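J.: Provided herewith is a single structure, encoded as structure tokens, for subsequent inquiry.
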Amino acid sequence: MTLFELVIRSIRKNIKHYYLYFFALIFSMSLYFVFATLQHDSSIVERMGADVNFATSFRVAGILLLVIVAIFTIYANSIFLKRRSKEIGLYQLIGLSKLGVARFLIIENMLLGLGALLLGIGCGALVSRLFLLILMKLLGFDVIVGIAFSAAAAVQTVIVFAALIIFTSIQMTLTVYRNTLLELFNAERQGDHPKKPKTVVAAFLALLGIALIIYGYDLSGHMVNDMLFFNMLLVLLSTILGTYLLFRVTIGWLFYQFRKRKNGHLGLLNSLSLAPLMHRMKANANSLTLITVLSAMTLTMVALAYSLYFSAESDTRISLPYDFVFENKEKDAKSFGAELEKAGIRFDHQPVDAVRLKGTIRDLQGKPEESTQGMLFLPAEQLQKAGMKVKVPPKGEAVLYDARVNLEGRTDKEGMGFPKEIVLGKRGETKMRLTNLVVQYVMNFNVYGAQLVTSENTVLELANNMPGSPGYEKVRLDTYQVPGKAERAKASALYAKYVSKDDFEPDFHTQYEGALHSLGLLMFISAFLGLVFLISTGSILYFKQMTEAEQEKRSFKTLRQLGFDVKDIMRGIVRKQLFVFAIPLLIGILHSIFAVKAASILVLSDITVPSVIAMAMYALIYFVFAVLTIGYYRKIVKNAMS
Amino acid sequence: MNDINSQKTVLHAQNVRKTYGSKGSAQQVLKGIDLRVLEGEFVGIMGPSGSGKTTLLNVLATIDRATEGTIRIDDADVSKMKDAELSAFRRQKLGFIFQDYNLLDTLTVKENILLPISLSKMDKRMAEEEFNIIADILGIKELAHKYPHEISGGQKQRTSAGRALIHRPSMVFADEPTGALDSKSASSLLGTMEDLNRKRDVTIVMVTHDPVASSYCSRVVFLKDGQIYSELYRGDKTRPSFFKEIMDVQAVLGGDNVDVI
């Protein structure tokens, strides 16, 4: 029998062990192929044109994907090798040289890999159209896409794949050369035994773990200051370390206390859940920490991306309360209005006469809080007519409107301490009371100047009294609102010619479309990566649980013989699986809730709903894997007696 | 023999047959076995390899099903029970000692022993009392909180015996309990089993190929080719003389383990 025949025979005989690794390879290959196809697809490239962001985003995401795929494949390979270590040992025992065994494994790996590559590209080609449709939909393009098989994508996939096969082959060779026969034969039986924790140290570390996590959470709530980067690092470090301690010590310690209190009367349920969990706590601490932290990151990424996408319209609306604004361009405004009328578009036009000045805000003790800034005094009565919800402040008082205070981290300083004082004029001779701050814009954000709302009379007074003061300027703002969505798009096209290239005078519709494109892309990439990541972590947990189930087969047989039926045993196993899957997920979700909360200042709208939706989706897919492992366990328990 | 007849029958097997394989290549392992075990008996089942002794034990212990025949344990016809009923029956009425202990690695000695009553309604105080009595008899009380990997083979088998007894089963089945032990641990374990049999009236059926082990029994049943070949009662004989008798029968029977000690 030649080596090649041996390989074929071995693959045929061991298909049960191989399918796991094989699946991992196919999965990695098809996803990579889908991604490469999208990257090279002409219909996307045409539409996004020369958008540099687009190409860069895709390239970065591609590298991330590559890393995930590589880690996943190598991890699957190591589990696969561990399961087969006895077989590898056996080949050596009967006299095959190490070189021979390594060659044998490499040939096998290449054959499997080639199969996986072909299947992967096949599957990828089938589903890539679906992904392209989703992407187009997210970007707001309403077109039917035809997709051709992308040769460039295939070539790229083959290259990546070849690299992966080389990696895994090296990994296999190392396993053969590094391990002694004895180690190979005992590899499957490894597992550590719970040691009595040193009470004082363990209790301290257990509490420290929790304390670190709480500290991280707390810090994440108010880290926006000059030390932002340092704070972020600190939050990350303390939460990750805390999570590790939680898995490595805290949970084990709690289990130990609970078990000690039971004094041997553990009961079947705990014997099947608590005991095996404690048995593997040390070995599992690393992977559970990794899964938790990565889950938290993915959840945060997906939830934020989805929230941004979800809030694109409301965020744009907050920044641009008016569909169109003309600043000191009365002639243009008039002709725009005429054009709208001609086109039969319904609209509301409201002019707002404001005054711009330079001034400072300071507290009542006279300490200036900020350097001189541009201020835009807006008449409340006219804003009300334009549809803004504002109150008219008493004469001589102003209210600051700013939707971005959260992002700028000024809430702490400026949110309090009202009333304050506005100082205007050459020598600061004019003063005005600033009574409050409202988190909202009443004028499109691109119109220069801090938005200060006063009564119409106060604005008039400023206009009459202040000429000659620094930065004095009368500002005529023509606001237009177009209620109909389709009409607004038409109006936007008409508006375009009034904007010269150098000016930043966005209209709502254009701004919204742009946001939709970039956020849609962000959304797609993070969802794609999130999915890949979710399936990889889920599969890793599933593979691990499969191995554990195999190892516990004998216990199940014993229990069945002692007279526990499948139902009783499964109750314990379900509890264990819930723990293995739910704990990393719950802690990951908790982490991400705080992370999303900290990052939510990037979004002006409330993002509770989109975040909850994204997290729920994630949890749902994740639990599919828990159900799969429970099914696998049930099969093993059912067949344990035969 | 009068006092034996007045005792209660715990296990009654009639015409038990077991066939493996499908019609074409069927192989009959048990060819019509009749066996009656009375309360308080310590029965050894001996026979050469392939004589069907382990199959018989598995069938009697309801772990495997007979192809034909009836088995009654404690007046219940186990051959007619459904799988779920059988499980409950095993859990409540039977105890098991296996050759390779089959302890759960993840549980301590005490947790392993208390496992069979984990689904019963026995209250904690009573279970604790029962555990203390049994652990005392088996001499493993100090090991209560150790894990299987921390104790010796003999101690493991004692733990396994404790697990077989904790729920006061109607009978205990032992499959080569000394098979993996050195001779000293083996004789010590067998002595304890004999004690338990006499003092606590535990009914035991034990499969073994070791004549020394079976010399601790009150009766030894010899199997050959799936049928009962002969039986020996110990009566009032000393263990050495019973051992000699067993050796004689085995010499006639042939097969393995005929070597004289």
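Those sequence lines, one after another, are chains A and B.
In terms of the working numbering, the first sequence opens at residue 129 and continues consecutively.
In terms of the working numbering, the second sequence opens at residue 20 and continues consecutively.
Note that beta-carbon positions come from the ideal geometry of N, C-alpha and C, so glycine has one too.
Just so we're clear, the structure is a prediction, and the values are computed from it rather than from any experiment.
1) Buried or exposed: where does Arg-144/B fall if 16 or more other Cβ atoms within 10 Å of its Cβ makes it buried?
2) Please name the residue, chosen from His-719/A, His-393/A, Leu-400/A, Thr-558/A, that lies closest to Lys-140/B on a Cα-to-Cα basis.
3) So that I know if they touch, is there some Cβ in chain B lying closer than 8 Å to that of Leu-310/A?
4) So Lys-72/A and Leu-400/A are in contact, right, with Cβ under 8 Å, and what is the actual spacing, rounded?
5) For Thr-127/B, which residues from the same chain have a beta carbon less than 8 Å from its beta carbon, with the 5 sequence-adjacent residues on both sides left out?
6) List the residues that DSSP assigns as beta-bridge partners of Gln-46/B.
7) Between Ser-439/A, Val-603/A, Arg-445/A, Val-566/A, which lies nearest to Val-480/A when the distance is taken from Cα to Cα?
8) Against Lys-143/B, what residues of chain A qualify as contacts under a CB-to-CB distance less than 7 Å, listed in chain order?
9) With a threshold of 8 Å between beta-carbons, can Phe-261/B be considered close to chain A, or not?
10) Assuming Glu-584/A and Glu-509/A are in contact, meaning their beta carbons sit under 8 Å apart, how far apart are those beta carbons, in whole angstroms?
11) Against chain A, with Cβ distances strictly below 8 Å, would Pro-135/B count as a contact?
12) Kindly indicate which three-state DSSP category Asn-34/B falls into: helix, strand or coil?
13) Identify each residue in the region 684 to 704 of chain A for which the Cβ-Cβ distance to at least one residue of chain B is less than 9 Å, and report them in chain order.
14) Against chain B, with Cβ distances strictly below 8 Å, would Glu-542/A count as a contact?
15) I'd like to check one pair, Ala-655/A with Val-421/A: are the Cβ atoms closer than 8 Å?
16) Is it buried or exposed, Ala-193/B, if we count other Cβ atoms within 10 angstroms and call 16 or more buried?
17) For a contact defined as C-beta to C-beta under 8 Å, what are the partners of Ser-399/A on chain B?
18) Among the candidates Thr-211/B, Pro-188/B, Glu-147/B, Ser-137/B, whose CA atom is the shortest distance from the CA of Gly-283/B?
19) Could you name the residues of the same chain whose beta carbon sits closer than 6 Å to that of Ile-293/A, not counting the 5 residues immediately before and after it, in chain order?
20) Under the assumption that Phe-241/B contacts Ser-249/B (Cβ atoms under 8 Å), give the Cβ distance between them as a whole number of angstroms.
21) At a Cβ threshold of 8 Å, is Ile-185/B touching chain A?
22) Could you work out which residues of chain B lie near Leu-396/A, taking near to mean beta carbons separated by less than 8 Å?
23) How many angstroms separate the CA atom of Ile-223/B from the CA atom of Glu-58/B?
24) Which of helix, strand or coil does DSSP assign to Asp-169/A?
25) At what residues does the alpha helix (DSSP H) containing Glu-236/A begin and finish?
26) From Thr-428/A to Ala-723/A, what distance separates their C-alpha atoms?
27) Buried or exposed for Asp-53/B, going by 16 or more other Cβ atoms inside 10 Å?
28) How many Å lie between Leu-263/A and Leu-669/A at the Cα?
29) Just mark Gln-46/B as buried or exposed, buried being the case when its beta carbon has 16 or more other beta carbons within 10 Å.
30) For Gln-176/B, count neighbouring C-beta atoms within 10 Å of its own C-beta (all shown protein chains included) and say buried if the count is 16 or more, exposed if not.
31) Just to make sure I have the definition right: I need the residues of chain D whose C-beta is within less than 8 Å of the C-beta of Arg-219/B. Which are they?
32) Using Cβ-Cβ distances below 8 Å, what residues of the region 108 to 120 of chain B are close to chain A?
33) Do Tyr-750/A and Leu-690/A have their C-beta atoms closer together than 8 Å?
34) Whole angstroms is fine: what's the gap from Leu-79/B's alpha carbon to Leu-131/A's?
35) Would you kindly work out how many angstroms separate the C-alpha atoms of Gly-66/B and Glu-149/B, rounded to a whole number?
36) Between which two residues does the beta strand (DSSP E) containing Met-560/A stretch?
T.: So, from the listed chains and residues:
1) Label assigned to Arg-144/B: exposed.
2) His-393/A
3) no
4) A question about residue 72/A goes unanswered here, because the residues of chain A that appear run from 129 up to 770.
5) Ala-163, His-164, Lys-165, Tyr-166
6) DSSP lists Tyr-39/B as partners of Gln-46/B.
7) Of the listed residues, the one whose Cα sits closest to Val-480/A is Val-603/A.
8) His-393
9) no
10) 4 Å
11) Yes, because at least one Cβ of chain A sits closer than 8 Å to the Cβ of Pro-135/B.
12) strand
13) Taking 9 Å as the Cβ-Cβ cut-off against chain B, the residues of the region 684 to 704 of chain A that qualify are Lys-685, Thr-686, Leu-687, Arg-688, Gln-689, Leu-690, Gly-691, Phe-692, Asp-693, Val-694, Lys-695, Asp-696.
14) Residue placement at Glu-542/A cannot be trusted, given a pLDDT of 49 that sits under 50; the coordinates are not used to answer.
15) no
16) buried
17) The answer, in chain order, is Leu-123, Thr-125, Leu-126, Glu-130, Leu-134, Ser-137.
18) As displayed, chain B neither begins before 20 nor continues past 280, which places residue 283/B out of reach and without an answer.
19) Non-local beta-carbon contacts of Ile-293/A in its own chain, meaning distances under 6 Å to residues more than five positions away in sequence, involve Gly-241 in chain order.
20) 5 Å
21) no
22) Per Cβ cutoff of 8 Å: Leu-134, Ser-137, Leu-138.
23) The alpha-carbon atoms of Ile-223/B and Glu-58/B are separated by roughly 9 Å.
24) coil
25) Start and end: 226 to 267.
26) 6 Å
27) Asp-53/B is exposed by the Cβ-count criterion.
28) 29 Å
29) exposed
30) Within 10 angstroms of the beta-carbon of Gln-176/B lie 16 or more other beta-carbons, which makes it buried.
31) As a matter of chain content, chain D is missing from the structure shown, whose protein chains are A and B.
32) Phe-108, Arg-109, Arg-110, Gln-111, Leu-113, Phe-115, Phe-117
33) no
34) 49 Å
35) Within the model, the alpha-carbon separation for Gly-66/B versus Glu-149/B is close to 36 Å.
36) In this chain, the beta strand (DSSP E) harbouring Met-560/A covers 558 to 566.
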